[in-house]
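With our numbering as the guide, the letters of the sequence shown map in order to residues 4 to 345.
Where a beta carbon is used, it is the ideal one built from N, C-alpha and C, also for glycine.
None of the values given here were measured: they were computed from a predicted structure.
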Amino acid sequence: MSWITKLDNNMDAVEEAFDKFNDIAADEDIEDYAIGTSVNYQEMTNTGKMLNLLMASSLPLLTCSAYVVGLKIVALLIELRSISCSSSVLDPETLNSDEKKFSNNLTTLPCKILKFFMILLGLVLLAAIAILHFGVLRRWGIISDEDDFHAGNIASLQEKADKTFDVAELNMREFSIVKLKAMEELIHAPDYIQDFILSKIDRVVEKGDTFAIKAEKIDNIFTDLENKVLATLFSFCFISSSILSIWFWLYIITNKVEKRLFLFSMTAISCVLFLTCALTAMYLSVVQPYLKDFIHPGSGFIQETMLTILQEFGKFLMDSTQKFGKMILDCTQAPGILGLST
Numbered sequence: 004m005s006w007i008t009k010l011d012n013n014m015d016a017v018e019e020a021f022d023k024f025n026d027i028a029a030d031e032d033i034e035d036y037a038i039g040t041s042v043n044y045q046e047m048t049n050t051g052k053m054l055n056l057l058m059a060s061s062l063p064l065l066t067c068s069a070y071v072v073g074l075k076i077v078a079l080l081i082e083l084r085s086i087s088c089s090s091s092v093l094d095p096e097t098l099n100s101d102e103k104k105f106s107n108n109l110t111t112l113p114c115k116i117l118k119f120f121m122i123l124l125g126l127v128l129l130a131a132i133a134i135l136h137f138g139v140l141r142r143w144g145i146i147s148d149e150d151d152f153h154a155g156n157i158a159s160l161q162e163k164a165d166k167t168f169d170v171a172e173l174n175m176r177e178f179s180i181v182k183l184k185a186m187e188e189l190i191h192a193p194d195y196i197q198d199f200i201l202s203k204i205d206r207v208v209e210k211g212d213t214f215a216i217k218a219e220k221i222d223n224i225f226t227d228l229e230n231k232v233l234a235t236l237f238s239f240c241f242i243s244s245s246i247l248s249i250w251f252w253l254y255i256i257t258n259k260v261e262k263r264l265f266l267f268s269m270t271a272i273s274c275v276l277f278l279t280c281a282l283t284a285m286y287l288s289v290v291q292p293y294l295k296d297f298i299h300p301g302s303g304f305i306q307e308t309m310l311t312i313l314q315e316f317g318k319f320l321m322d323s324t325q326k327f328g329k330m331i332l333d334c335t336q337a338p339g340i341l342g343l344s345t
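Shown next as C-alpha cells:
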C-alpha cells in the first residue's frame, strides 16, 4: 500500500467521523447565543462541587450553633444570678411533691404535642423545599426557545463529541507520520491525484473547523447546565440544612425546658423567628451573591422561580377554595330549588 493511499484512508476515517457528528449536531439546531457560566466556561471539578455543597450545608449549622452558644452563655449568667438571689428564699424541703408531679404531668403533654408538631412541620418544609428546587431545575433546564432542544440532548451530544475527537486525534497522529512520506510520493503523482488529495485535505480541515466550533458550543452548554444544577443544589442544601439545623438545636433546647410550658413556648418561638430571619438574610446577602459570582451569574433565577411557584400555588389554592365554596353553596341551595320545582 502506497503512502498516498494510507494518507487517503486516514482522511476518510477523520472525514467520516466529522460528518457523523456534524449531521447529528445540525439536527439539534444549536444557536449562537450568550451562555452564562462561570468565568471562561471553566468546568468545576468534582472536588470543587463537593466542597461547595459541604459549605452550603455547614453555614446554617455554624450559624445556629453560634446562636445556641450565645443562649447558653446568657442562660448560665441568669442561672448564676438567680441562684445567688433565691437560695435563701426557696427551700426544696418545703415543696409539695404531689403538686410538683401533677404540674409536671400537665406541662409535659403539651410539650410532647409541640415536639411532634415541630417534627411534622420540619418534614413538610423539607418536602416543600425539595419540590420547589425540582421545579427550578425543570424550568431552568431548557437551553433555548426551541421546543425540540432540551437539556436531555446535551449529555448525548457531549459524549458523541468526545468520541469524535478521540477518532480524529488517533487518525491525525498517523496522518502526521504518513504525511511527509506521502507528500514525497505526491510530487511524482499525476496532476489529478495531486488535486484530489489537496482538495480532500482542505475539505477535511474545513469540516474539522466546523466540528471544533460546534463541539465548543456543546461543551459550553454542558458546562452551563452543570453550573445551573450545582447552583440549584447549593441553594437546596443551604435551605434544607437551615431547616434541619433549626429543628435540631430547637429540639435540644426544648428538652432542657420541657417541664416549663411557658418558657418552652417562648424559647421555641424566639429561636424560630430569630434563626429564620438570620438565615434568610444570609441567603439573600451571602448565598445569592456567591452563586452569581462563582457558580452561575444567572442564579437569581432560582429565587425568582421559587417565588413564582409559590405564587402559582397560592393562586391554585384560592381558586380551589372558591370552587369548593361554590360547590357547597350549590349543594345547600339544591333542596330549596327542588322544593320549588315540585
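Next on the checklist: With three or more C-beta pairs closer than 8 Å as the rule, is the stretch 228-244 touching the stretch 128-135?
Outcome noted: yes
Item to check | Supposed contact pair Y286 and M121 - C-beta distance, whole angstroms, cut 8 Å | outcome: In the sequence shown, residue 121 corresponds to position 118, counting from 1. In the sequence shown, residue 286 corresponds to position 283, counting from 1. That belief does not hold up - the Cβ atoms of M121 and Y286 are roughly 22 Å apart, past 8 Å.
Checklist entry - Going along the chain, which residues of its own chain have a beta-carbon closer than 6 Å to the beta-carbon of L282, five neighbours each way excluded? => result To locate residue 282, count along the sequence shown from 1; it is residue 279. Counting only Cβ-Cβ distances below 6 Å, and skipping sequence neighbours, we find P63, S245.
Item to check | From G125, R141, I221, residue whose alpha carbon lies closest to that of W252 | outcome: As a working mapping, residue 252 is identified with position 249 in the sequence shown. Checking every option, the nearest Cα to that of W252 belongs to G125.
Checklist entry - To the nearest angstrom, how far is it from the Cα of A431 to the Cα of E315? => result As displayed, the chain neither begins before 4 nor continues past 345, which places residue 431 out of reach and without an answer.
Next on the checklist: Measuring straight from C-alpha to C-alpha, what distance separates M14 and I224?
Outcome noted: Taking the sequence shown and counting its residues from 1, one reaches residue 14 at position 11. Taking the sequence shown and counting its residues from 1, one reaches residue 224 at position 221. Whole-angstrom Cα-Cα distance: 29 Å.
Checklist entry - DSSP on T66, reduced to helix/strand/coil? => result As a working note, residue 66 is residue 63 in the sequence shown. Reduced to three states, the DSSP call for T66 is helix.
Checklist entry - Within 10 angstroms of its Cβ, does Y195 collect 16 or more other Cβ (buried), or is it exposed? => result Here residue 195 refers to the residue found at position 192 when the sequence shown is read from its first residue. Answer is exposed; the Cβ neighbour count stays below 16.
Checklist entry - With distances taken from CA atoms, which of E162, G211, N55 is nearest N174? => result In the sequence shown, the residue the question calls residue 174 occupies position 171. Among E162, G211, N55, the Cα nearest to that of N174 is on G211.
Next on the checklist: Can you tell me whether C67 is buried or exposed? The criterion is at least 16 other CB atoms within 10 Å of its CB, across all chains shown.
Outcome noted: Here residue 67 refers to the residue found at position 64 of the sequence shown. By the 10 Å Cβ count, C67 comes out buried.
Next on the checklist: Once DSSP output is grouped into helix, strand and coil, what is the label at S268?
Outcome noted: Within the sequence shown, residue 268 is the residue found at index 265, counting from 1. In the structure shown, S268 sits in a helix (DSSP, three-state: H, G or I).
Next on the checklist: Are the CB atoms of I200 and L183 within a distance shorter than 9 Å?
Outcome noted: Translated into positions along the sequence shown, residue 183 becomes position 180. Translated into positions along the sequence shown, residue 200 becomes position 197. Not closer than 9 Å, so no.
Checklist entry - In or out: N49 buried (at least 16 other Cβ within 10 Å) or exposed? => result Taking the sequence shown and counting its residues from 1, the one referred to as residue 49 is at position 46. Result: exposed.
Checklist entry - Is the beta carbon of V139 sitting closer than 9 Å to the one on F24? => result Position 136 of the sequence shown, counted from the start, is the residue given in the question as residue 139. Position 21 of the sequence shown, counted from the start, is the residue given in the question as residue 24. No, they are not a contact pair.
Checklist entry - Relative to the C-alpha of A158, which residue among A28, A192, T235 is closest? => result Within the sequence shown, the letter at position 155 stands for residue 158. Selected option, being the one with the closest Cα: A28.
Item to check | S60 in three-state terms, based on DSSP | outcome: Here residue 60 refers to the residue found at position 57 when the sequence shown is read from its first residue. Helix at S60.
Next on the checklist: Taking the alpha carbon of A171 as the reference point, which residue from L320, G51, E18, V232 has its own alpha carbon closest?
Outcome noted: Locating residue 171 in the sequence shown gives position 168, counting from the first residue. Nearest of L320, G51, E18, V232 to A171, Cα basis: E18.
Checklist entry - Count the other CB atoms within 10 Å of the CB of H191; is the residue buried (16 or more) or exposed (fewer)? => result Position 188 of the sequence shown, counted from the start, is the residue given in the question as residue 191. Counting Cβ neighbours within 10 Å, H191 comes out exposed, since fewer than 16 surround it.
Checklist entry - Are L278 and S243 close, meaning C-beta to C-beta below 9 Å? => result Within the sequence shown, residue 278 is the residue found at index 275, counting from 1. Within the sequence shown, residue 243 is the residue found at index 240, counting from 1. No, they are not a contact pair.
Next on the checklist: If you reduce the DSSP assignment to three classes, tell me which class A281 lands in.
Outcome noted: Here residue 281 refers to the residue found at position 278 of the sequence shown. In this structure, A281 counts as helix in the three-state DSSP scheme.
Item to check | Assigned exposure category for C3 - 16 Cβ within 10 Å defines buried | outcome: With the chain covering 4 to 345 only, the question about residue 3 has no answer from this structure.
Checklist entry - By a C-beta neighbour count over all protein chains shown, 10 Å radius and 16 as the cutoff for buried, is T324 buried or exposed? => result The residue you call residue 324 lines up with position 321 of the sequence shown. Classification for T324: exposed.
Checklist entry - So is T257 buried or exposed if we call it buried at 16+ other beta carbons inside 10 Å? => result Taking the first residue of the sequence shown as 1, we reach residue 257 at position 254. Buried, by the Cβ-count rule.
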